[in-house]
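Q: Sharing a structure below in structure tokens format, with a few things to ask.
There are 6 protein chains.
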Amino acid sequence: MRYLEYPRKLKDIIENLSQEESYQAVCHRHYPDQPMPSSRVLEEIVDLLREIIFPGYYGNSSTRPDSIRYYLGVNVEKLYDLLRQQVYAGLCFDCKHANREDLLMRQDRAAMISIKFIEKLPLIRHLLATDVEAAYLGDPAAQSKAEVIFCYPAIKAITNYRIAHELLELEVPLIPRIITEMAHSETGIDIHPRARIGHHFTIDHGTGVVIGATSIIGNHVKIYQGVTLGAKSFPLDKDGNPIKGIDRHPIVEDNVIIYAQATILGRITVGANSVIGGNVWLTSSVPPNSKILQEKYRHKGFMDGDGI
Amino acid sequence: MRYLEYPRKLKDIIENLSQEESYQAVCHRHYPDQPMPSSRVLEEIVDLLREIIFPGYYGNSSTRPDSIRYYLGVNVEKLYDLLRQQVYAGLCFDCKHANREDLLMRQDRAAMISIKFIEKLPLIRHLLATDVEAAYLGDPAAQSKAEVIFCYPAIKAITNYRIAHELLELEVPLIPRIITEMAHSETGIDIHPRARIGHHFTIDHGTGVVIGATSIIGNHVKIYQGVTLGAKSFPLDKDGNPIKGIDRHPIVEDNVIIYAQATILGRITVGANSVIGGNVWLTSSVPPNSKILQEKYRHKGFMDGDGI
Amino acid sequence: MRYLEYPRKLKDIIENLSQEESYQAVCHRHYPDQPMPSSRVLEEIVDLLREIIFPGYYGNSSTRPDSIRYYLGVNVEKLYDLLRQQVYAGLCFDCKHANREDLLMRQDRAAMISIKFIEKLPLIRHLLATDVEAAYLGDPAAQSKAEVIFCYPAIKAITNYRIAHELLELEVPLIPRIITEMAHSETGIDIHPRARIGHHFTIDHGTGVVIGATSIIGNHVKIYQGVTLGAKSFPLDKDGNPIKGIDRHPIVEDNVIIYAQATILGRITVGANSVIGGNVWLTSSVPPNSKILQEKYRHKGFMDGDGI
Amino acid sequence: MRYLEYPRKLKDIIENLSQEESYQAVCHRHYPDQPMPSSRVLEEIVDLLREIIFPGYYGNSSTRPDSIRYYLGVNVEKLYDLLRQQVYAGLCFDCKHANREDLLMRQDRAAMISIKFIEKLPLIRHLLATDVEAAYLGDPAAQSKAEVIFCYPAIKAITNYRIAHELLELEVPLIPRIITEMAHSETGIDIHPRARIGHHFTIDHGTGVVIGATSIIGNHVKIYQGVTLGAKSFPLDKDGNPIKGIDRHPIVEDNVIIYAQATILGRITVGANSVIGGNVWLTSSVPPNSKILQEKYRHKGFMDGDGI
Amino acid sequence: MRYLEYPRKLKDIIENLSQEESYQAVCHRHYPDQPMPSSRVLEEIVDLLREIIFPGYYGNSSTRPDSIRYYLGVNVEKLYDLLRQQVYAGLCFDCKHANREDLLMRQDRAAMISIKFIEKLPLIRHLLATDVEAAYLGDPAAQSKAEVIFCYPAIKAITNYRIAHELLELEVPLIPRIITEMAHSETGIDIHPRARIGHHFTIDHGTGVVIGATSIIGNHVKIYQGVTLGAKSFPLDKDGNPIKGIDRHPIVEDNVIIYAQATILGRITVGANSVIGGNVWLTSSVPPNSKILQEKYRHKGFMDGDGI
Amino acid sequence: MRYLEYPRKLKDIIENLSQEESYQAVCHRHYPDQPMPSSRVLEEIVDLLREIIFPGYYGNSSTRPDSIRYYLGVNVEKLYDLLRQQVYAGLCFDCKHANREDLLMRQDRAAMISIKFIEKLPLIRHLLATDVEAAYLGDPAAQSKAEVIFCYPAIKAITNYRIAHELLELEVPLIPRIITEMAHSETGIDIHPRARIGHHFTIDHGTGVVIGATSIIGNHVKIYQGVTLGAKSFPLDKDGNPIKGIDRHPIVEDNVIIYAQATILGRITVGANSVIGGNVWLTSSVPPNSKILQEKYRHKGFMDGDGI
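Protein chains in written order, with the numbering used here: chain A, 1102 to 1409; chain B, 1102 to 1409; chain C, 1102 to 1409; chain D, 1102 to 1409; chain E, 1102 to 1409; chain F, 1102 to 1409.
Below is the structure:
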């Protein structure tokens, strides 16, 4: 192949990539009159929500009692506009081409859902205040609650989770998952929006934490980095596809602590007040007040072998 | 030290930092007539590749059969221009100052490599379609393949890996590693571009996964978060430097599942159809159809002691 | 609720969120005459520091002996200006409203601290050169030191840590933690700025590493992904709050290697020249030259049960 | 007024500015479900149009016969999307709150108008090619037609005019005027989109040129900087408002040249092949082949007086 | 000079440009603890002011009576913060290095001035409403007042002038001139902030209009493009420098119209209700109700000569 | 035409616009291995030059004698890199496809020209200092030289002109014209880069000024807004094209003042110390010490007629 043949070669490849049999398995049919969800706008929405929930932390707003209302007013109205669009885009995402009447009904539904979500904000703020308190009390390195809100990745991840969970409760498709994946990318903490989590929840450090879709977590639970609440296996239907919607993740009761890298799989129950040590592989239920540790390690002489 | 002395003090520090003995160990001699690789441009390249491979997912392109060709045409031509520059920058990165003839030959080589890479795109798209299918079938929480492509970090990481792997096969220095590190930072999944990975590959959640440079992974393999396919140790040469190019990472055969946080080290083989449980430390080969679990944990009474 | 009622509904929610009882637990009282720390500016500061420490790696500077001085001069002066502001913002962050005299004294202190920090740059550069050397010698996949500086996330994380540690030594509040959290988000490596770490330190891959605030790490130590140097538990005061400032993290002596996913908790000592295998849960001291491995796994027949 | 009173003072002013009697005369009632025209998007539209009309001038497109089609395809499709929105915004601008049926009809009309406008692009390109040719032949300082297209402000202004004129012909409100004002700000040339202008039209230098709404300009006309084709006066209706839609600007026939700063006012005719000298004030028709110059100046002795 | 000598040559030039005798005449001694006025921030200030004065025109704000207050609240508070800084920068611009006490006093003065300026906003809005009305009534091409506010460059220029004039009245240095020059660059209309202008003022088209510092313009005055209200000459002091502060520009009384390109120089008076024709050069006063036209032009035969 | 036909319609138009007979007259054949001049980069170059020439005016640089050298060093080196590229792009602009040897020679020439231009910077700075002095002494409204440099559009336009003129002297194509057009757009002042202009040159207000390519202007000349130094007409060659390179613009000798809107055309001489009044149309030479005014205006009664 010589230099002068490159343009023709590029043209051939473009032709190849434009064949339906090449792209059909990985192509999203996106109708031009229906918006696509936008990661950039969803980031803006999450930033707005952080400003609304935690006033004064992001430098763009006053917290004088007189003027806090102006900033909240503008931010809530912007939120409503942006969220309505994105919820609408989410409602359209998996749909076939629709007639106009359908699109108008989806727009109405998106507006209604957005209002209902915004109504939950005082409650979300209240829950997050308990999470901040738990993080502050549980970490001797924390100097103040302000530091916790400003710096701790867990607060970012739990904020995104609590937002996404409410949107999922309102039956918004796709958008909740994008919002928790944004936190996953930023913090390494992967909480499925469908999980149910009580108040005073904390995650320390957090990188590598996974909380699966049907997990149920009580109040005052603390989890360390690398902990998995996952599924062991799942039944397949007669076509070999996984059956959706079966409870397959753990139940963690109140006041449980789970140390770093523990892997807890399946629809088992970790009883209240239990402590799970780090690096444990746990696939069956334990009663309340249990204390589970990894089997004692081996101390191996240095002459034994191949390096480690 | 008083306020008025600060300018002089700054001048002294600048002088100190400008001494060759201070900077020589950490300085990159970059010749002004040779481009540096640019993370920003490489991000643009990866974005273009995602648009080319998965048409319709990023809102900037039509997928009507009539016009998909326009978008692919423009994107492939942009890709060629940007990639050619970056490959050239990669070829220059570790070289000493070169004469003009050398630079021209490198430019030609960069163009040739870029064309050859672009020729592989239909194949890369085909392989990624199998990965998407595997992720969809393997996760009861996935609502559709579209959601998998749009949201799942594993698809991002595997896309970057498959791109980087082809560039490495074409002997491009540095650039492949930068591309997989971009995905590492975004997803917490660290796949060395030199690893060899079959079709229908999935990683669930993924944060903390490490797949070393000489790993070989078969078809239909599934890996969970925190899994390491690493090296145990490596021989040193007579100067105490590690000997490069020795196979030191595992071989994972077809249809293997490896659960969260398992650490598999050394040039061992995990036989086909095996299941490796979570949190296992595995440094020797296991035959096909094995099922490996961590030693049973200890259930320790709450009165035993020191906190946990 | 009908469409026309939405504006009134929004107004009610804004009113609710503006009530002091709603926002008081999560609101930062920020005085308008005192700057807030800015993540964006701190990112700019870290970028400047990387350019100053590793000349020639970021494409914006010459490394000819004649002109390196110009670039360092401009970058150090910009650094001084930006750092002075952010240190001042950090000094203000947790303070009550102050009179003018206090603010002026804080500004003076911020300038003094910034100069003292900049004086440490040659030393920080020297330490990082040892870290780069250790990473290069310890990884057969590394092609050159240049590749290590350009691509390896560990160098980014350790750079941020060494910067943040010096700022903490100078008693700057909040800012050091923000700087290490920036690296945490980018690399998944979480090193507390208060930890003390010797020269020739390396972290391989790194995602999920946690190094707690009172950890002490010797020279020539190597750590793999997912390793935790954490705290087991901590004493509470009579009000149930954790007592701050107690040593609660491990001491790791010279020449220790700790493999992936090991969890080492509490004020224990890992003696010099020891090797800790992966996925180990270690809560008591081990003498020098120890070799610690996880208890041998179980090989379970495939007929045993429920999937894994 | 003391420092502590400022917040209250600001609050009072905000209250004052929020009173309907203050803002009603200068406020645009903008309905949230109707888009506003956006200067930023209109600039993007004009940039796209320039790329479509003059391929190869803006560095982002190939002009190889093979691939020019890709770039035109993508640009025309983007243009259609953006233009449709802005035309819709223009149709909404002056309207009262509308019911859904009205909005849908406006959307359909915006799409239809956009298609019709795009159909005119080959003709607009053809006319602009004649303008470029006239500028090149008429200016000894022009080195090439390429320089004319790339640098001459007149080409920018006439391009915007020809675009805006077609949109006005299609009865788009507001948008055409915004597009010509963009060129007015950039070049100082103010051509009303309603003016009718023949082919081979040139403006040299151009700052200060004004061409009024009912002007008619023939073919092969050349105009210099500061020339006005304006209205003298206009009849008022019985309420004292100007009567809209009356022809009140000049007719300039073929092959006329008008030199710098000439002011030509009213519905007069400048006959074909005439030359109007600079700084002339002309308010009555002149026959074909006329040559009109300012009255000869006075040469005044230096001792006469007051400075000039 | 050969390629290898370029670095040394650059070094010599840098040295030359760094000599005090080279830069002293064109260098601004800027003290690092004093801010510089920033064109970018002043543009932001002008954008904020346009949003505050003309609610609903810039797409970022609601005009529902309920929520207009939120937007005005946020915008006025942002304005206060930014303006205070820029006024402070203006107060510092021409000053010598000051002690801390001076700087604090200037900061206080900047805050006081900013509050006083903001108090004028309702009045400025009221005056601009009269200008909009005059433009609408005076132009048959204007479709609505909304179009006038949205598109007409004169409204932009007069808005900047009215803002700048109030700041000058409050004795802010430099900033007012920067604000009117911003409009000058955008619209070609150059109004000195010191000029005094009545209500219902309009400028049609506007490019090239100059209104000098000591001009006085009455109510209901209309000016066309290219009109100059300038100074003829000015007395020098005994050192040959112009004497500052002498009235040297025209007085234009109520209801005057001045047509395009007229040049009116010196402290003369144009009496009420006069009409000045285009391209007139006027250097002496005219009584009320005058009508001034250029001397009749020459109609020159085409055979006369040299081209025009 | 119905909605469903739009895609096909768009496709037809794209096809039409892609035909060579449609685009050939307005298309720039741009070879992919040759850079295009970039307006964005040229703006960056002009910004750098303003910072180099006028240190301390743009807030990004120190003017302490110690550190001014760092800033100049970095800025001059950046300038060299960017300018070399743009000069190279200019050299390529009008060329046919070239072989490699030609391209390398052009690159060398671009580097040589850039060095020679940079050598002129001390001289350009010196000349601009005289222009600043003249503007300050000539305007009673100017408060300081600092205000003149910071705010006066004439300084921006003359700076661009003096830069562009040196580049033209070094035979750089296209780039000089783009640089003066940037100032033309920003200030309304259009100075051809080929004009020759002495020291102590000032333009007051400036909008609408045109100075043609073969104009020669002496020292201590002052020009007001709207003044044209233009060409009357120009001889055509036997094909009807204008003959390039003939002197066709005025010579203005030392100490001349030209008032607003005067139009001076042709290769005539305005003798030293002359004053040309505003709105004059001058097409023949005047001796030194002349004072030229427009013929006296007509004072027309108000009853005469049609409005004006």
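Even glycine gets a Cβ: it sits at the ideal position worked out from N, Cα and C.
The structure displayed is predicted, hence computed values, not measured ones.
Classify Met1206/C: buried if its beta carbon has 16 or more other beta carbons within 10 angstroms, exposed otherwise.
A: It counts as exposed.
Q: Tell me whether Asn1374/E, by its Cβ, gets closer than 8 Å to a heavy atom of the ligand MG.
A: In the structure on display, the ligand MG does not appear, and there are no ligands present to speak of.
Q: Considering only residues of the same chain and omitting the five flanking positions on each side of Val1376/C, which have a CB-CB separation below 6 Å?
A: Here the set comprises Ile1358, Lys1392.
Q: Here's the rule: buried if 16 or more other CB atoms are within 10 angstroms of the residue's CB, otherwise exposed. What is Ser1385/D?
A: Counting Cβ neighbours within 10 Å, Ser1385/D comes out exposed, since fewer than 16 surround it.
Q: In the DSSP assignment, what residue or residues form a beta bridge with Lys1339/A?
A: Lys1339/A pairs with nothing; no bridge assigned.
Q: Can you pull the DSSP bridge partners for Val1087/D?
A: Any answer about residue 1087/D is impossible in this case: the structure gives chain D only from 1102 up to 1409.
Q: Which value, in whole angstroms, describes the spacing of the CA atoms of Val1273/B and Gly1299/A?
A: If you take the alpha carbons of Val1273/B and Gly1299/A, they lie about 51 Å apart.
Q: Near Arg1170/E, which residues of its chain fall below 8 Å by C-beta distance, leaving aside the five closest residues on each side in sequence?
A: None.
Q: Just mark Gly1341/D as buried or exposed, buried being the case when its beta carbon has 16 or more other beta carbons within 10 Å.
A: By the 10 Å Cβ count, Gly1341/D comes out exposed.
Q: For Glu1396/E versus Val1371/E, is the C-beta spacing smaller than 9 Å?
A: Contact: no.
Q: What do you reckon, are the CB atoms on His1293/E and Ser1316/E nearer than 9 Å?
A: Yes, Cβ-Cβ distance for His1293/E and Ser1316/E is below 9 Å.
Q: Mind checking which residues open and close the alpha helix (DSSP H) that includes Lys1179/A?
A: It spans 1169–1194 - the alpha helix (DSSP H) in which Lys1179/A sits, taken as one unbroken run.
Q: Less than 9 Å between the beta carbons of Arg1278/F and Glu1248/D, yes or no?
A: For Arg1278/F and Glu1248/D, yes; Cβs fall inside 9 Å.
Q: Please list the partners that Tyr1172/C has in chain F, where partner means a Cβ-to-Cβ separation under 9 Å.
A: Within chain F, the residues near Tyr1172/C are Tyr1171, Gly1174, Val1175, Glu1178.
Q: Output the distance between the C-alpha atoms of His1285/C and Ile1264/D, rounded to the nearest integer angstrom.
A: Rounded to whole angstroms, His1285/C to Ile1264/D spans 52 Å at the Cα level.
Q: Let me check one thing: in DSSP terms, what residues is Tyr1325/C bridge-paired to?
A: Its beta-bridge partners are Asp1305/C.
Q: Run down chain B in chain order and give the residues with a C-beta less than 8 Å from the C-beta of Arg1201/F.
A: By Cβ distance, chain B contributes Leu1205.
Q: For a contact defined as C-beta to C-beta under 7 Å, what are the partners of Ser1168/C on chain F?
A: The answer, in chain order, is Gly1174, Glu1178.
Q: Helix, strand or coil: which one does DSSP assign to Ile1409/E?
A: In this prediction, Ile1409/E has a pLDDT of 46, which is less than 50 and means its spatial position is unreliable; what the coordinates show is noted afterwards. Coil.
Q: Going by DSSP, what residue range makes up the alpha helix (DSSP H) through Leu1150/D?
A: It spans 1140–1154 - the alpha helix (DSSP H) in which Leu1150/D sits, taken as one unbroken run.
Q: Relative to chain D, which residues along the segment 1281–1298 of chain A have a C-beta separation below 7 Å, given in chain order?
A: Taking 7 Å as the Cβ-Cβ cut-off against chain D, none of the residues of the segment 1281–1298 of chain A qualify.
Q: Would you kindly work out how many angstroms separate the C-alpha atoms of Leu1271/F and Ala1211/F, rounded to a whole number?
A: Computed Cα separation, rounded: 10 Å.
Q: Using DSSP with H/G/I as helix, E/B as strand and the rest coil, what is Thr1384/B?
A: Note: Thr1384/B maps to coil in three-state DSSP.
Q: Compare the C-beta of Leu1111/F with all C-beta atoms of chain B and state if any pair is closer than 9 Å.
A: At least one chain B Cβ lies under 9 Å of Leu1111/F.
Q: Identify each residue in the segment 1262–1281 of chain A for which the Cβ-Cβ distance to at least one residue of chain C is less than 8 Å, and report them in chain order.
A: Of all residues in the segment 1262–1281 of chain A, none has a Cβ within less than 8 Å of some Cβ in chain C.
Q: Cα-Cα, which of Thr1288/C, Thr1231/C, Leu1238/C, Leu1268/C is closest to Cys1252/C?
A: Nearest option by C-alpha distance: Thr1288/C.
Q: Using the Cα positions of Phe1403/B and Val1387/A, report the straight-line distance between them to the nearest angstrom.
A: Its pLDDT being 49, under 50, Phe1403/B is placed unreliably in this model, and the value from its coordinates should be taken loosely. Cα to Cα, the separation comes out at about 13 Å.
Q: Can you have a look at Gln1362/C and say buried or exposed, based on whether 16 or more other CB atoms are within 10 angstroms of its CB?
A: By the 10 Å Cβ count, Gln1362/C comes out buried.
Q: Nearest to Ala1332/F by CA position, among Asp1348/D, Asp1209/D, Gly1378/D, is which residue?
A: With distances taken between Cα atoms, Ala1332/F lies closest to Gly1378/D.
Q: I want to see whether chain C comes within less than 9 Å of Lys1392/A, judged by CB atoms only; does it?
A: It does not; no Cβ of chain C falls within 9 Å.
Q: Would you call the segment 1137–1148 of chain B and the segment 1188–1195 of chain C touching, i.e. three or more CB-CB distances under 8 Å?
A: Segments in contact, no.
Q: Just to confirm the assignment, what range does the beta strand (DSSP E) spanning Leu1061/D have?
A: For chain D, the structure presents residues 1102 to 1409; residue 1061/D sits outside this window and is missing.
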